[in-house]
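Here is the structure we will look at.
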Ligand SMILES: C[S@@+](CC[C@H](N)C(=O)[O-])C[C@H]1O[C@@H](n2cnc3c(N)ncnc32)[C@H](O)[C@@H]1O
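Numbering (full-length UniProt numbering), first residue to last: 1 to 241.
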């Protein structure tokens, strides 16, 4: 259920917020993706930043991406230096601000159903995983979502498609949500940390020694950038989460 950048941004301006991170989700994160030494995390569609801040509290250095500058302004105000807040369209913008050396965990919480091209986005993100890393998708279950909000959720076929072809996957259903962990090689045949193709979202061309950005770059939330209006707008963010 694709939704435009402007619609998300307006939703945040109007006070729309999403379900808080639950204790069950925190436990699953601790169990499945404990932070390795020097661990780095990417939270895609971070909204107002709660999960990104939680990943930071687990010991990760966190990059948090959203295309809503309103959401990122609030994330910065709430959680400050917990993450590097980046205003990006994960499906379309130049990914140069992402960390060149990849991530140990990439999270998408209440985001995957809204992607315009799910397979392509996941393929691109998978190439940003470090060896041994995991992609974590948290999303409402269609069977436990009112029919009028079905678009925010995944049904069994969509969940099977999400998991298909990965070397190792795990799924936990908690409180109406699917918590899915994907590891190993991606269905399109790529493995983490491989040579990048021309696709700008496809990750680093080779292992990099890129250092952390300087502190002055660490809080660029809400920095003005032109907003793009994307393809077919659909629903109001008030229908989400
Ligand atoms: C339902 S909200 C979830 C926010 C947050 N993950 C949470 O759990 O509260 C979905 C978020 O994804 C962001 N988003 C959707 N499509 C995006 C894209 N293509 N690039 C970056 N962010 C995107 C929206 O702006 C919104 O903040």
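Note that the Cβ used here is the ideal one computed from N, Cα and C, for glycine as well.
Fair warning: this is a prediction, and the values are worked out from it, not measured in the lab.
Runs of alpha helix (DSSP H) wholly within the segment 130-185 (minimum 4 residues, chain order): 156-163
Residue 74 at chain B interface by Cβ criterion, 8 Å: Protein chain content of the structure displayed is limited to a single chain, and chain B is not contained in it.
Residue 68 CB to nearest heavy atom of ligand 1 below 7 Å: At least one heavy atom of ligand 1 is nearer than 7 Å to the Cβ of residue 68, so yes.
Sequence-distant residues of its chain with Cβ nearer than 8 Å to residue 176 (five each side left out): 140, 141, 144 and 145
C-beta atoms of residue 51 and residue 35 nearer than 8 Å: no
Contacts around residue 60, its chain only, beta-carbon distance under 8 Å, and the 5 residues preceding and following it disregarded: The residues 35, 39, 40, 41, 104 and 105, in chain order, have a CB closer than 8 Å to that of residue 60 in the same chain once the five nearest residues on each side in sequence are set aside.
Residue 8 Cβ short of 7 Å to ligand 1 heavy atom set: yes
C-beta atoms of residue 162 and residue 44 nearer than 8 Å: no
For residue 64: DSSP bridge partner residues: Looking at the DSSP assignment, residue 64 forms a beta bridge with 43 and 85.
When 37, 48 and 28 are compared against residue 17, the one with the closest alpha-carbon: 48
Straight-line gap, residue 147 to residue 173 (C-alpha atoms, nearest Å): 19 Å
Residue 119, buried or exposed, once every other Cβ within 10 Å from all chains shown has been counted against 16: It counts as exposed.
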